[in-house]
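For the sequence shown, the numbering used here begins at 1389 and goes up steadily by one. Single-structure report; data block below.
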Amino acid sequence: MMRYRNYSYEEYERAMELLNKGFGITTISKKLGIPKSTLHYWRHNLNKPPTTRWIPKPSSELAYVLGVLLGDGYIVREHHNNYDIELLVKDYDFAEEFSKVMARVLDKNFKIPRRWRRRPDFWRVYYQSKAFHQWFKEQTLDTLKPYIEYNRDTVKYFLRGIYDSEGCNYRCKQIFLSNNDLKLLSYIQYLLKKYFSIKATGPYLNVKAGSIMVKGGKRFRRNHNNYYITISKRRDLRVFLSKIGFSIRRKQLGLPRRM
1389 MMRYRNYSYE
1399 EYERAMELLN
1409 KGFGITTISK
1419 KLGIPKSTLH
1429 YWRHNLNKPP
1439 TTRWIPKPSS
1449 ELAYVLGVLL
1459 GDGYIVREHH
1469 NNYDIELLVK
1479 DYDFAEEFSK
1489 VMARVLDKNF
1499 KIPRRWRRRP
1509 DFWRVYYQSK
1519 AFHQWFKEQT
1529 LDTLKPYIEY
1539 NRDTVKYFLR
1549 GIYDSEGCNY
1559 RCKQIFLSNN
1569 DLKLLSYIQY
1579 LLKKYFSIKA
1589 TGPYLNVKAG
1599 SIMVKGGKRF
1609 RRNHNNYYIT
1619 ISKRRDLRVF
1629 LSKIGFSIRR
1639 KQLGLPRRM
């Protein structure tokens, strides 16, 4: 059975640009490696790749989603045609905020977060979009930077998204952010310093690879080192909470999670 090739939005855009300039289908096919039949469908608007059904545009909403997806959120392909963007968390206000923002990004109806059947103490939010799924899967931190640093507002909401996911506010005396990716943590430090003059120290080793953790009553061995950065100066804490902040009320107030 022949597999259908997934074309990126950039490939489609380049092909259409050449078609509109008057280049022949055979020439474009050889140049871009796209079958002539596919180019014929595109030219006559008979069929388009799924990636054209959603086009990424810089916005505070997309920046927040990117922050969440580099933290607690994730994309997953279920079965053959389900391309999911998901979030599983214990804080309802976080799940609700992510759902509101994701609905605006995809131009879909808002979904109320639901209890997860496997773990009723978790709230689950999921949306389906093949175009978004394929786009995000192809991205790297470097290719996401134009969307994150589009303006100061997008930086703010990206930071809020990642801190909602992986951040911890300890009694408004220290704000931590943990992640396995040292490059990402260094980038967060850069954003905090450049756009908000906030100094985050670290990264420090949090949990070593190979150590055992217990989650949901089950034991797991960590595959990667986990690191954290911290904001601790009073002035920096005040700026973070007033200019960036958390969507999660208990985190904004520095309160522990209710057991």
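For each residue, glycine too, the CB sits at the ideal point set by N, CA and C. Given the structure is predicted, the values throughout are model-derived calculations rather than measurements.
Contact fails between the stretch 1478-1491 and the stretch 1407-1418, because fewer than three Cβ pairs, one in each stretch, are under 8 Å apart. When DSSP reads this structure, residue 1513 sits in a beta bridge with 1475. When rounded, the separation of the alpha-carbon atoms in residue 1540 and residue 1418 is 43 Å.
Of the residues 1641, 1560, 1606 and 1553, the one whose Cα lies closest to the Cα of residue 1475 is 1553. Contact between the stretch 1618-1629 and the stretch 1584-1594 is present: 3 or more CB-CB pairs across the two stretches fall below 8 Å.
In terms of Cα proximity to residue 1597, the closest of 1584, 1606 and 1614 is 1614. For residue 1593, the uninterrupted beta strand (DSSP E) segment begins and ends at 1589-1595.
Residue pairing of residue 1556 in beta bridges, as defined by DSSP: 1564. If you draw a 10 Å sphere on the C-beta of residue 1628, you find 16 or more other C-beta atoms in it, and that means buried. Taken atom to atom, the span from the alpha-carbon of residue 1535 to that of residue 1576 is near 14 Å. Sixteen is the threshold: when 16 or more other Cβ atoms of the shown chains lie within 10 Å of the Cβ of residue 1567, as they do, the residue is buried.
Scanning the stretch 1447-1471 from its first residue to its last, the whole beta strand (DSSP E) runs of 3-plus residues come out as 1462-1466. In this structure the stretch 1420-1433 does not touch the stretch 1463-1472; the number of beta carbon pairs closer than 8 Å is below three. Per DSSP, the unbroken beta strand (DSSP E) holding residue 1608 starts and ends at 1606-1609. The three-state reading of DSSP puts residue 1435 in coil, since its state is none of H, G, I, E or B. Residue 1415 counts as exposed, since fewer than 16 other beta carbons sit within 10 angstroms of its beta carbon. When secondary structure is reduced to three states using DSSP, residue 1586 falls in the coil class, being assigned neither helix nor strand. With distances taken between CA atoms, residue 1521 lies nearest to 1461 out of 1461, 1562 and 1578. The criterion of a C-beta distance shorter than 9 Å is not satisfied by residue 1546 and residue 1625. In the three-state reduction of the DSSP assignment, residue 1616 falls in the strand class.
Take the alpha-carbon of residue 1452 and the one of residue 1403: they are about 31 Å apart. Residue 1413 has its alpha-carbon roughly 40 Å from the corresponding atom of residue 1458. In chain order, 1403, 1407, 1413, 1416 and 1417 place their CB closer than 8 Å to the CB of residue 1427, counting only its own chain and leaving out the 5 sequence neighbours on each side. Using a Cβ-Cβ distance cut-off of 8 Å, the stretch 1470-1484 and the stretch 1504-1524 are in contact, since at least three pairs of beta carbons, one from each stretch, lie closer than that value. Each residue's CA atom was taken as its position, placing residue 1430 and residue 1507 some 45 Å apart. Selection 1448, 1445, 1440 and 1640 evaluated against residue 1561 yields 1640 as nearest (Cα-Cα).
Residue 1538 is not a Cβ neighbour of residue 1438, given a cutoff of 9 Å.
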